[in-house]
Amino acid sequence: MSSEPGADTRPNEKPPRRRYDRYVTRTSTLPERGYGCVALESPTDEVNVGHTLRAALCFRAGLVILSNASKDINVRRLKTDPGRAYRHVPVVHTDDLFQGIPEACTPVAVEITDDAIDLSVFVHPERACYIFGPENGSISQETLDRCKLKVKIPTVMSLNLGMTVNIVLYDRAAKANRNRAWKADQSSGKPVAGD
Ligand SMILES: C[S@@+](CC[C@H](N)C(=O)[O-])C[C@H]1O[C@@H](n2cnc3c(N)ncnc32)[C@H](O)[C@@H]1O
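Just so we're aligned, residue 69 is where the sequence shown starts under this note's numbering, counting upward by one.
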């Protein structure tokens, strides 16, 4: 390369940053974006773990994390999971729940706390890991402290764990479906429900 006197590029100067416009402006063509996954903190009852795995399969959850699960629970033989979901949805066991949460996935504590958002108005993150507490307790304070988002189902008393997992995953699926239908109606020019 010639470096003529007065040339623009000085030897030690960094070249200007290239702008990758196509990464910024390209519109995603994915029909569905993101994923939801489930984490159970210290579950003790195989009935609930079975319901959780079944829900994960039915609602297409991306992953199930079992953190400090009771040693008696065998995910391959659960009466409440006849479809043997572990064959279709990845299930990981861990001592540290947060180690299992995928990259750039938002932890969401599902618990009855004063500062939790009511599920009916909750906007689900594109990539979310829903964390549920044990049957005989609640999500640990340490875990709650690490979750910026908390959500609760408005009930007069706490629900069964497996039931809670089903409701949260259904809510995510229903809202995603509604958004898709709304966008399709918008782009087709058809009147949108509620117009
Ligand atoms: C059966 S509950 C635990 C018992 C409950 N802590 C109590 O005092 O009755 C197990 C887990 O289900 C979830 N859960 C149950 N009902 C809920 C609700 N209405 N809203 C949000 N989470 C709920 C929470 O994650 C909770 O830790």
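Glycine is no exception: its CB is placed at the ideal position from the N, C-alpha and C atoms. Model, not experiment: these values are computed from the prediction.
Test item: CB-CB of His161 and Leu121 under 9 Å: No Cβ-Cβ contact shorter than 9 Å links His161 with Leu121.
DSSP state of Gly104 mapped onto helix, strand, coil: Gly104 falls in the strand class under three-state DSSP.
Proximity below 9 Å, CB of Leu227 to CB of Asp113: Taking 9 Å as the Cβ cut-off, Leu227 and Asp113 do not qualify as a contacting pair.
Within the region 96 to 182, ranges of the alpha helix (DSSP H) (whole runs, at least 4 residues): Taken in chain order, the whole alpha helix (DSSP H) runs of length 4 or more contained in the region 96 to 182 are 114 to 126, 165 to 168.
Thr223 Cβ short of 8 Å to ligand 1 heavy atom set: For Thr223, the shortest C-beta to heavy atom distance toward ligand 1 is below 8 Å.
Short Cβ contact (9 Å threshold) for Ala123 with Val233: Against a cut-off of 9 Å, the Cβ pair of Val233 and Ala123 comes out as a contact.
Distance between Ile180 and Gly201 (C-alpha atoms, nearest Å): Each residue's Cα considered, the two are about 10 Å apart.
At least 3 beta-carbon pairs within less than 8 Å: the region 207 to 224 vs the region 170 to 190: Two segments are said to touch when three or more pairs of C-beta atoms, one from each, lie closer than 8 Å; by this definition the region 207 to 224 touches the region 170 to 190.
For Val236, the nearest candidate out of Thr97, Val106, Pro99 (CA to CA): Of the listed residues, the one whose Cα sits closest to Val236 is Val106.
Whole runs of the beta strand (DSSP E) within the region 195 to 260, excluding any shorter than 3 residues: With a minimum length of 3 residues, the continuous beta strand (DSSP E) runs that stay inside the region 195 to 260 are 195 to 200, 217 to 220.
Backbone CA spacing between Glu210 and Ser256 [nearest angstrom]: Rounded to whole angstroms, Glu210 to Ser256 spans 48 Å at the Cα level.
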